[in-house]
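> In this note's numbering, the protein residues as written are 125 to 508.
For glycine and all other residues, C-beta sits at the position ideal for the given N, C-alpha and C.
1. Along the chain, where does the alpha helix (DSSP H) that runs through residue 317 open and close?
2. Is it true that the segment 335-350 meets the segment 360-379, where meeting means three or more beta-carbon pairs spaced less than 8 Å apart?
3. List, from N- to C-terminal side, the alpha helix (DSSP H) runs of 4 residues or more that fit wholly inside the segment 146-218.
4. Can you check whether the CB of residue 385 is closer than 8 Å to the CB of residue 147?
5. Which residue's Cα is closest to the Cα of residue 269: 212, 478, 227?
6. Could you spell out the range, first to last residue, of the alpha helix (DSSP H) harbouring residue 405?
7. Among residues of its own chain, excluding the 5 on either side of residue 253, which ones have a beta-carbon nearer than 6 Å to its beta-carbon?
8. Looking only at its chain, what residues have a beta carbon closer than 8 Å to the beta carbon of residue 163, apart from the 5 residues adjacent to it on each side?
9. Is residue 278 helix, strand or coil by DSSP?
10. Buried or exposed for residue 352, going by 16 or more other Cβ atoms inside 10 Å?
11. Between residue 419 and residue 350, which are expected to be in contact by the criterion C-beta below 8 Å, what is the C-beta distance as a whole number of angstroms?
12. Could you tell me whether the Cβ atoms of residue 215 and residue 179 are closer together than 8 Å?
13. Hey, how far is the Cα of residue 171 from the Cα of residue 508?
14. Just checking my contact of residue 441 with residue 489 at CB under 8 Å: how many whole Å lie between their CB atoms?
15. Taking 8 Å as the threshold, find out whether the segment 463-479 comes into contact with the segment 397-404 through three or more Cβ pairs.
16. Just verifying my parser: in three-state terms, what is the DSSP assignment at residue 227?
17. Using the Cα positions of residue 263 and residue 224, report the straight-line distance between them to the nearest angstrom.
18. I'd like to check one pair, residue 211 with residue 80: are the Cβ atoms closer than 8 Å?
19. Between residue 414 and residue 307, what straight-line distance do the alpha-carbon atoms span, to the nearest angstrom?
20. Closest by CA to residue 468, which one among 181, 127, 167, 141?
21. Is residue 437 buried or exposed, if buried means 16 or more other CB atoms sit within 10 Å of its CB?
22. Classify residue 243 as helix, strand or coil using the three-state DSSP reduction.
23. Nearest to residue 173 by alpha carbon, out of 195, 160, 126?
24. Helix, strand or coil: how does DSSP classify residue 434 here?
25. Assign residue 128 to one of three DSSP states: helix, strand, or coil.
26. Check for me: the beta strand (DSSP E) holding residue 305 runs from which residue to which?
27. Terminal residues of the continuous beta strand (DSSP E) containing residue 332?
28. Using the C-alpha atoms, what's the distance from residue 459 back to residue 452?
29. Have a look at residue 501 and residue 450 and give me their C-alpha separation to the nearest angstrom.
30. Rounded to the nearest angstrom, what separates residue 135 and residue 354 at their Cα positions?
31. How would you call residue 183, buried or exposed, if buried means at least 16 neighbouring beta carbons within 10 angstroms?
32. At what residues does the alpha helix (DSSP H) containing residue 455 begin and finish?
33. Taking the alpha-carbon of residue 192 as reference, which of 427, 157, 241, 305 has the nearest alpha-carbon?
34. Can you have a look at residue 335 and say buried or exposed, based on whether 16 or more other CB atoms are within 10 angstroms of its CB?
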């Protein structure tokens, strides 16, 4: 296994991290298959993976209650002596914080669930501009100071799916140790993006990447035109390996998190990680990747620049995000994974189905897009 430093912490983390959001289950997402999940972790640790990432709601039926992932990990490490071999990362459910005492309440609950005295990397989960002010009023940054001081947490960070400007604002707001961003070869210009990645690194933050395979679609749902490029490439790799090697080629990335469900997936990704050296892709290989990206990008139906001039929508619709999800569904020729993100990330009021066709957005759009028709398309694709 290859290792890289997690920013200014100096801690050496495996370039392949284990995301514990998609562990094997027994018929229902909230019922983890303990036997096979334990075998999966045993093999991951045996092969040198030392970064495990979970969160309060993972393997739960809703985001408002704790899931089974933290509980499973706590039981797993209580039955062996391997806790000291890994960096354990979990996240504070920021959307559930109503009052100041909730911060300590959830952290203490997570420590008990994980059966540990200290969390190595504790992240504020899914920060968004619309709730950042509320968290600030609650004293979230002072809370982070206190949990580092009392030893319950060693390092602190945050994850975010919001825009680059807000991401940079958060980076500047506190002495973070690391951050987690969604990043893959199709998502370089959405959310934090390449600009946010480099900004965080310039401030000394380690960067963990989530969704390197875009929920698996970059490995499992390959449009024919893209498959043709892979098949005719002078270097033969599986689509998942191309996507992972693309990320490991970037020295700015500390670790890439993959939610592996089967031993075959783990073995394949471990093999790919053996060659995950910065700047290791040849110019010819990079050209292949650019050709693939171009094929995907040519499928974009809404040339939205995310300037925000169309906002706020009188009906509360998050127009740029709706159009972004529409583009992703069209690019991938498979809307199943994108649909789940659409419903998870957007509130009911923010979805396209609330459009009253007032036309104000089209009058203000700097790109002169037919937004009302595009929102109808969004509704058609996602059902609301």
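In short:
1. Element bounds for residue 317: 317-326.
2. Between the segment 335-350 and the segment 360-379 there are three or more C-beta pairs closer than 8 Å, enough to call the two in contact.
3. Complete alpha helix (DSSP H) runs here, min 4: 158-170, 192-202.
4. Cβ distance < 8 Å, so residue 147 and residue 385 count as in contact.
5. Minimum Cα distance to residue 269 is reached at 227.
6. Where residue 405 is concerned, there is no enclosing alpha helix (DSSP H), given that its DSSP letter is neither H nor E.
7. 286, 290, listed in sequence order.
8. Within its own chain, the residues whose Cβ lies closer than 8 Å to the Cβ of residue 163, once the five positions on either side in sequence are excluded, are 387, listed in chain order.
9. Correct three-state label for residue 278: strand.
10. Under this definition residue 352 is an exposed residue.
11. Right, their Cβ atoms sit about 5 Å apart.
12. In this structure, the beta-carbon distance from residue 215 to residue 179 falls below 8 Å.
13. Cα to Cα, residue 171 sits roughly 44 Å from residue 508.
14. Contact doesn't hold; Cβ gap of about 13 Å is too wide.
15. Fewer than three beta-carbon pairs drawn from the segment 463-479 and the segment 397-404 are found closer than 8 Å, and the two stretches are therefore not classed as touching.
16. Residue state, collapsed to three classes: helix.
17. Approximately 7 Å between the Cα atoms of the pair.
18. This structure cannot speak to residue 80, because the chain is shown only from 125 to 508.
19. Using only the alpha carbons, I get a separation of about 16 Å.
20. Ranking 181, 127, 167, 141 by Cα distance to residue 468 puts 181 first.
21. By the 10 Å Cβ count, residue 437 comes out buried.
22. Three-state DSSP puts residue 243 in a strand.
23. It is 126 whose Cα lies nearest to the Cα of residue 173.
24. Here residue 434 sits in coil by DSSP.
25. Strand.
26. Per DSSP, residue 305 belongs to the beta strand (DSSP E) from 302-306.
27. Where residue 332 is concerned, the enclosing beta strand (DSSP E) stretches over 330-334.
28. Roughly 8 Å separates the two Cα atoms.
29. Looking at the two C-alpha atoms, the distance is approximately 8 Å.
30. Taking the straight line joining both Cα atoms gives about 36 Å.
31. Residue 183 is buried by the Cβ-count criterion.
32. Counting along the chain, residue 455 sits inside the alpha helix (DSSP H) bounded by residues 443-456.
33. In terms of Cα proximity to residue 192, the closest of 427, 157, 241, 305 is 157.
34. So residue 335 ends up on the buried side.
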